[in-house]
Amino acid sequence: MLGHSVGELAAVHAAGGVPLSDACALVAARGRLMGRVGHGAMVAVGAPEEQVAGSLPDGVVVAAVNGPSSVVVSGTSAAWPRSRGSGAVGETGAPAARGVRLPFAVRGRGACRTG
1 MLGHSVGELA AVHAAGGVPL SDACALVAAR GRLMGRVGHG AMVAVGAPEE QVAGSLPDGV
61 VVAAVNGPSS VVVSGTSAAW PRSRGSGAVG ETGAPAARGV RLPFAVRGRG ACRTG
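Note that full-length UniProt numbering has the sequence shown beginning at 1, numbered continuously upward.
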């Protein structure tokens, strides 16, 4: 079983890893935690991770490596005026409503562990 993002929880249930009630509780908890993390943006970049990572301003990080020349960068809302259109990376996408897998998202991890 494979799942992406919240689909990982559906996949673990479908594979027999957790009962449906637990999977639903995890989805609800995830939603609450994401609401507390804050807002940011994500952009798909058609360039190697090494090239992109070396040119990002503070507050913007590599969030996902999708392939040898396909990465997603994500950052705080405050960081985007400094990075969007700066030419630092080859932007190929549009901002999304929320960034994930970011250093500043760590504050939600403790709440997830403790319920």
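Each residue gets a CB set at the ideal place from its N, CA and C atoms; glycine is no exception.
- For the pair A79 and G59, the CB atoms are nearer than the 8 Å cut-off.
- Secondary structure at G54: coil, using DSSP grouped into helix, strand and coil.
- The region 39-46 and the region 60-76 touch, with no fewer than 3 CB-CB distances between them shorter than 8 Å.
- Per DSSP, the unbroken beta strand (DSSP E) holding G40 starts and ends at G40 to V45.
- Residue burial is scored here from C-beta neighbours: L20 has fewer than 16 other C-beta atoms within 10 angstroms and is therefore classed as exposed.
- Excluding five sequence positions before and after V71, the CB atoms of its chain that fall closer than 6 Å to its own CB belong to V45, E49, V52, V62 and V65, given in chain order.
- Around the beta carbon of L2, fewer than 16 other beta carbons lie within 10 angstroms, which makes this residue exposed.
- Annotation for S21: no beta strand (DSSP E) segment contains it, though the alpha helix (DSSP H) segment containing it runs L20 to V37.
- Just so you know, the alpha carbons of L9 and A47 end up roughly 30 Å apart.
- DSSP lists no bridge partner for G3.
- Counting every other CB atom within 10 Å of its CB across the protein chains shown gives H4 a total below 16, marking it as exposed.
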